[in-house]
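Report on the structure given below.
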Amino acid sequence: MTNQLSKLFVKYLPAITAIITVLPLPVKAATFLVTERAGLGGNDQLDWGSLGKVFNPSAPNFSAFLPNYFLATSPGGLGLDINIAPTNNPQITSPFIFQTLPSPGIRTNFAKGDFVLFGGIDPAGFIPLPAGTPDPGTKGNGGPLTISFAQPVFGAGTQIAVDISNLEVETFITAFDNLNNLLGSFSVLSTSSLALDNSAVFLGIRSDTPNISRLVFSSSNPQYGLAINQLSIIGVPEPSYSLAILAFGVSGAVLKLRQRT
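Numbering of the sequence shown is given in numbering that gives the first Met the number 0, commencing with residue 0 and proceeding in unit increments.
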(Lines of atoms letter the chains of each structure in order from A and count residues from 1; the text may use other names and numbers.)
(Lines give C-alpha, C1' and ligand atoms only; values in the text may rest on other atoms or scores of the structure.)
Protein backbone atom coordinates (compact mmCIF):
# COMPACT_ATOMS: atom_id res chain seq x y z
CA MET A 1 0.00 0.00 0.00
CA THR A 2 2.88 2.34 0.78
CA ASN A 3 4.21 1.83 -2.72
CA GLN A 4 0.80 2.63 -4.26
CA LEU A 5 0.48 5.83 -2.21
CA SER A 6 3.93 6.89 -3.32
CA LYS A 7 2.99 6.35 -6.95
CA LEU A 8 -0.20 8.39 -6.53
CA PHE A 9 1.72 11.20 -4.84
CA VAL A 10 4.28 11.31 -7.62
CA LYS A 11 1.53 11.20 -10.27
CA TYR A 12 -0.46 14.15 -8.90
CA LEU A 13 2.38 16.21 -7.40
CA PRO A 14 3.02 18.32 -10.56
CA ALA A 15 -0.65 19.32 -10.84
CA ILE A 16 -0.96 20.23 -7.16
CA THR A 17 2.34 22.13 -7.23
CA ALA A 18 1.28 24.12 -10.32
CA ILE A 19 -2.03 25.11 -8.74
CA ILE A 20 -0.47 26.13 -5.44
CA THR A 21 2.12 28.18 -7.34
CA VAL A 22 -0.46 30.33 -9.13
CA LEU A 23 -2.75 30.80 -6.13
CA PRO A 24 -2.11 34.09 -4.30
CA LEU A 25 -0.32 33.83 -0.99
CA PRO A 26 -1.40 35.93 2.00
CA VAL A 27 0.70 39.08 2.36
CA LYS A 28 0.46 42.16 4.47
CA ALA A 29 -1.62 44.66 2.54
CA ALA A 30 -0.36 48.09 1.60
CA THR A 31 -2.51 50.91 0.21
CA PHE A 32 -1.34 53.89 -1.80
CA LEU A 33 -2.73 56.96 -3.52
CA VAL A 34 -3.28 57.03 -7.29
CA THR A 35 -3.75 60.42 -8.99
CA GLU A 36 -4.22 59.30 -12.60
CA ARG A 37 -7.03 57.12 -13.93
CA ALA A 38 -4.68 55.27 -16.28
CA GLY A 39 -2.39 54.52 -13.33
CA LEU A 40 -5.20 52.83 -11.44
CA GLY A 41 -5.58 50.17 -14.12
CA GLY A 42 -9.25 49.47 -13.50
CA ASN A 43 -11.04 46.45 -14.97
CA ASP A 44 -14.58 47.61 -14.13
CA GLN A 45 -16.37 50.97 -13.84
CA LEU A 46 -19.60 52.73 -13.07
CA ASP A 47 -20.75 55.53 -15.34
CA TRP A 48 -23.44 57.53 -13.56
CA GLY A 49 -25.36 58.05 -16.79
CA SER A 50 -26.09 54.31 -16.78
CA LEU A 51 -28.50 54.83 -13.88
CA GLY A 52 -30.95 56.42 -16.30
CA LYS A 53 -31.70 59.51 -14.19
CA VAL A 54 -30.09 62.61 -15.64
CA PHE A 55 -31.14 66.11 -14.60
CA ASN A 56 -31.57 68.56 -17.48
CA PRO A 57 -31.25 72.20 -16.30
CA SER A 58 -32.92 73.48 -19.47
CA ALA A 59 -36.03 71.35 -18.84
CA PRO A 60 -36.00 70.47 -15.14
CA ASN A 61 -37.69 67.22 -14.20
CA PHE A 62 -37.68 66.82 -10.46
CA SER A 63 -38.26 63.07 -10.72
CA ALA A 64 -34.63 62.89 -11.86
CA PHE A 65 -33.42 63.72 -8.34
CA LEU A 66 -31.86 60.85 -6.40
CA PRO A 67 -32.27 59.77 -2.78
CA ASN A 68 -29.24 60.27 -0.56
CA TYR A 69 -28.83 56.49 -0.46
CA PHE A 70 -29.19 54.28 -3.55
CA LEU A 71 -27.88 51.09 -5.12
CA ALA A 72 -26.09 50.50 -8.42
CA THR A 73 -24.46 47.61 -10.28
CA SER A 74 -21.33 47.87 -12.41
CA PRO A 75 -21.06 46.28 -15.89
CA GLY A 76 -18.92 43.61 -14.22
CA GLY A 77 -21.78 42.69 -11.90
CA LEU A 78 -20.39 44.34 -8.76
CA GLY A 79 -23.00 45.74 -6.40
CA LEU A 80 -22.40 49.22 -4.97
CA ASP A 81 -24.13 51.20 -2.21
CA ILE A 82 -23.89 54.97 -2.63
CA ASN A 83 -24.54 57.13 0.41
CA ILE A 84 -24.39 60.93 0.18
CA ALA A 85 -24.57 62.52 3.62
CA PRO A 86 -27.67 64.76 3.78
CA THR A 87 -27.23 68.48 4.36
CA ASN A 88 -28.86 70.39 7.20
CA ASN A 89 -29.67 73.26 4.80
CA PRO A 90 -33.32 72.83 3.69
CA GLN A 91 -32.72 75.06 0.65
CA ILE A 92 -30.35 72.55 -0.96
CA THR A 93 -31.73 70.00 -3.40
CA SER A 94 -31.40 66.24 -3.28
CA PRO A 95 -28.45 64.71 -5.16
CA PHE A 96 -28.67 64.41 -8.94
CA ILE A 97 -26.73 63.38 -12.02
CA PHE A 98 -26.06 65.80 -14.87
CA GLN A 99 -24.09 65.77 -18.09
CA THR A 100 -21.55 68.56 -18.12
CA LEU A 101 -21.81 70.57 -21.35
CA PRO A 102 -21.20 74.10 -22.64
CA SER A 103 -23.75 76.82 -21.85
CA PRO A 104 -26.72 76.56 -21.55
CA GLY A 105 -25.58 73.30 -20.03
CA ILE A 106 -23.75 72.94 -16.71
CA ARG A 107 -20.05 73.72 -17.10
CA THR A 108 -17.41 72.09 -14.87
CA ASN A 109 -13.74 71.17 -15.15
CA PHE A 110 -14.61 67.57 -16.01
CA ALA A 111 -14.45 66.52 -19.66
CA LYS A 112 -17.21 67.69 -21.99
CA GLY A 113 -20.01 65.10 -21.97
CA ASP A 114 -19.08 63.46 -18.65
CA PHE A 115 -21.95 62.31 -16.46
CA VAL A 116 -21.41 63.73 -12.99
CA LEU A 117 -22.87 62.67 -9.63
CA PHE A 118 -23.51 65.83 -7.60
CA GLY A 119 -24.45 66.19 -3.93
CA GLY A 120 -27.03 68.96 -4.43
CA ILE A 121 -27.25 72.74 -4.72
CA ASP A 122 -29.24 75.73 -3.56
CA PRO A 123 -31.59 76.23 -6.55
CA ALA A 124 -31.70 79.99 -5.97
CA GLY A 125 -28.24 80.12 -7.50
CA PHE A 126 -28.63 77.19 -9.87
CA ILE A 127 -28.65 79.13 -13.13
CA PRO A 128 -26.56 78.03 -16.14
CA LEU A 129 -24.24 80.94 -16.87
CA PRO A 130 -22.67 81.99 -20.17
CA ALA A 131 -18.95 81.52 -20.71
CA GLY A 132 -16.86 84.18 -19.00
CA THR A 133 -19.31 84.74 -16.15
CA PRO A 134 -17.60 84.61 -12.72
CA ASP A 135 -18.53 81.74 -10.43
CA PRO A 136 -21.25 83.04 -8.07
CA GLY A 137 -20.15 80.70 -5.26
CA THR A 138 -23.51 78.98 -4.87
CA LYS A 139 -23.89 76.85 -1.74
CA GLY A 140 -24.43 73.11 -2.10
CA ASN A 141 -24.08 69.74 -0.41
CA GLY A 142 -20.42 68.83 -0.03
CA GLY A 143 -20.99 66.27 2.70
CA PRO A 144 -19.05 62.99 2.59
CA LEU A 145 -19.90 60.70 -0.34
CA THR A 146 -19.50 57.03 0.58
CA ILE A 147 -19.31 54.12 -1.85
CA SER A 148 -19.48 50.58 -0.44
CA PHE A 149 -18.70 47.47 -2.48
CA ALA A 150 -20.66 44.23 -2.19
CA GLN A 151 -17.36 42.41 -2.70
CA PRO A 152 -14.02 43.89 -1.56
CA VAL A 153 -11.88 45.27 -4.38
CA PHE A 154 -8.21 45.99 -5.03
CA GLY A 155 -8.88 49.66 -5.66
CA ALA A 156 -11.12 52.38 -7.05
CA GLY A 157 -11.05 56.05 -7.88
CA THR A 158 -12.71 58.94 -9.67
CA GLN A 159 -12.15 62.53 -10.67
CA ILE A 160 -13.53 64.90 -8.07
CA ALA A 161 -14.43 68.59 -8.01
CA VAL A 162 -15.94 71.07 -5.58
CA ASP A 163 -18.51 73.56 -6.90
CA ILE A 164 -16.51 76.73 -6.32
CA SER A 165 -14.00 78.22 -8.78
CA ASN A 166 -10.79 80.09 -8.00
CA LEU A 167 -10.57 78.68 -4.48
CA GLU A 168 -8.00 76.06 -3.57
CA VAL A 169 -9.76 73.19 -1.83
CA GLU A 170 -8.42 70.04 -0.20
CA THR A 171 -10.21 66.87 -1.32
CA PHE A 172 -9.93 63.57 0.54
CA ILE A 173 -10.25 59.85 -0.18
CA THR A 174 -10.40 57.32 2.66
CA ALA A 175 -10.59 53.51 2.44
CA PHE A 176 -11.93 50.96 4.94
CA ASP A 177 -12.10 47.16 4.99
CA ASN A 178 -15.20 45.08 5.75
CA LEU A 179 -14.51 45.32 9.50
CA ASN A 180 -14.40 49.12 9.29
CA ASN A 181 -10.63 49.19 9.80
CA LEU A 182 -8.96 52.23 8.25
CA LEU A 183 -6.77 51.15 5.33
CA GLY A 184 -5.56 54.56 4.19
CA SER A 185 -6.49 58.21 3.85
CA PHE A 186 -5.04 60.69 1.35
CA SER A 187 -5.74 64.23 0.17
CA VAL A 188 -4.75 66.59 -2.63
CA LEU A 189 -5.15 70.32 -3.18
CA SER A 190 -6.96 71.46 -6.31
CA THR A 191 -8.89 74.34 -7.83
CA SER A 192 -12.10 73.84 -9.78
CA SER A 193 -13.15 75.83 -12.83
CA LEU A 194 -15.81 76.02 -15.53
CA ALA A 195 -13.37 75.29 -18.36
CA LEU A 196 -14.67 71.84 -19.46
CA ASP A 197 -11.00 70.85 -19.82
CA ASN A 198 -10.88 67.51 -17.92
CA SER A 199 -8.61 69.08 -15.27
CA ALA A 200 -10.60 67.76 -12.30
CA VAL A 201 -8.18 65.94 -10.03
CA PHE A 202 -8.26 62.13 -9.91
CA LEU A 203 -8.36 60.50 -6.48
CA GLY A 204 -7.92 56.75 -6.21
CA ILE A 205 -6.63 54.14 -3.78
CA ARG A 206 -4.99 50.81 -4.63
CA SER A 207 -4.22 47.91 -2.33
CA ASP A 208 -2.00 44.84 -2.64
CA THR A 209 -4.96 42.63 -1.73
CA PRO A 210 -8.72 42.84 -2.39
CA ASN A 211 -9.61 44.32 0.99
CA ILE A 212 -11.22 47.67 0.14
CA SER A 213 -14.90 47.51 1.08
CA ARG A 214 -15.71 51.20 1.40
CA LEU A 215 -14.43 54.52 0.05
CA VAL A 216 -15.32 57.95 1.39
CA PHE A 217 -14.83 61.15 -0.65
CA SER A 218 -15.00 64.56 1.05
CA SER A 219 -13.56 68.07 0.95
CA SER A 220 -12.32 70.83 3.24
CA ASN A 221 -15.21 73.07 2.07
CA PRO A 222 -18.41 71.04 2.58
CA GLN A 223 -20.58 74.15 2.13
CA TYR A 224 -20.01 73.79 -1.64
CA GLY A 225 -21.35 70.88 -3.65
CA LEU A 226 -19.13 67.81 -4.17
CA ALA A 227 -19.09 66.15 -7.60
CA ILE A 228 -17.51 63.00 -9.05
CA ASN A 229 -17.50 61.49 -12.53
CA GLN A 230 -17.09 57.87 -13.65
CA LEU A 231 -15.88 55.51 -10.92
CA SER A 232 -13.03 53.22 -12.02
CA ILE A 233 -12.73 49.93 -10.12
CA ILE A 234 -10.11 47.19 -9.82
CA GLY A 235 -12.34 44.23 -9.08
CA VAL A 236 -11.24 40.74 -8.13
CA PRO A 237 -10.49 38.74 -11.32
CA GLU A 238 -12.79 35.77 -11.70
CA PRO A 239 -9.90 33.36 -12.55
CA SER A 240 -8.62 33.62 -8.96
CA TYR A 241 -11.77 31.93 -7.73
CA SER A 242 -11.73 29.39 -10.54
CA LEU A 243 -8.19 28.39 -9.62
CA ALA A 244 -9.12 28.08 -5.98
CA ILE A 245 -12.03 25.79 -6.86
CA LEU A 246 -9.75 23.76 -9.13
CA ALA A 247 -7.20 23.38 -6.35
CA PHE A 248 -9.83 22.05 -3.96
CA GLY A 249 -11.14 19.73 -6.67
CA VAL A 250 -7.75 18.20 -7.40
CA SER A 251 -6.98 17.83 -3.70
CA GLY A 252 -10.33 16.11 -3.19
CA ALA A 253 -9.70 13.74 -6.07
CA VAL A 254 -6.30 12.78 -4.69
CA LEU A 255 -7.81 12.21 -1.24
CA LYS A 256 -10.56 9.97 -2.63
CA LEU A 257 -8.01 7.94 -4.61
CA ARG A 258 -5.95 7.48 -1.49
CA GLN A 259 -8.96 6.39 0.49
CA ARG A 260 -9.94 3.85 -2.18
CA THR A 261 -6.38 2.58 -2.30
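Just so you know, even glycine gets a beta-carbon here, dropped at the ideal spot from N, CA and C.
Gly-142 places its beta carbon 8 Å or farther from that of Pro-66. If you draw a straight line from the Cα of Glu-169 to the Cα of Ser-57, it comes to about 31 Å.
Its chain contains Val-168 and Glu-169 as the residues whose beta carbon lies nearer than 7 Å to that of Ser-219, once the 5 sequence neighbours on both sides are disregarded; these appear in chain order.
Classified as buried, Gly-224 has 16 or more neighbouring CB atoms from the shown chains inside 10 Å of its CB. One alpha carbon belongs to Asn-60, the other to Ser-73, and they sit about 25 Å apart.
Contact between Ser-206 and Leu-182 is confirmed by a C-beta separation of about 7 Å, below the 8 Å threshold.
For a cut-off of 8 Å, the C-beta gap from Gly-78 to Leu-70 is around 7 Å, short enough to register as a contact.
Contact between Ile-211 and Ala-155 holds: CB atoms are separated by about 7 Å, below the 8 Å threshold.
Per DSSP, Ala-160 is one residue of the beta strand (DSSP E) stretching across 154-161. In summary, Asp-196 is exposed, with fewer than 16 beta-carbon neighbours lying within 10 Å of its beta-carbon over all protein chains present. Taking Thr-92 as reference, the option from Phe-54, Thr-157, Asp-43 and Phe-114 with the minimal CA-CA separation is Phe-54. In this structure, Val-200 is the residue among Val-200, Ala-123 and Ser-147 with its C-alpha nearest to the C-alpha of Phe-171. Scanning Ala-160, Leu-188 and Gly-51 for the CA closest to the CA of Thr-107 turns up Ala-160. Here DSSP, grouped into helix, strand and coil, assigns Ala-149 to strand. At a Cβ-Cβ threshold of 8 Å, Asn-228 and Thr-157 count as neighbours.
For Leu-39, the secondary structure class from DSSP, reduced to helix, strand or coil, is helix. Contact check for Ser-231 and Gly-203: beta-carbon distance about 7 Å, within the 8 Å limit, so the pair qualifies.
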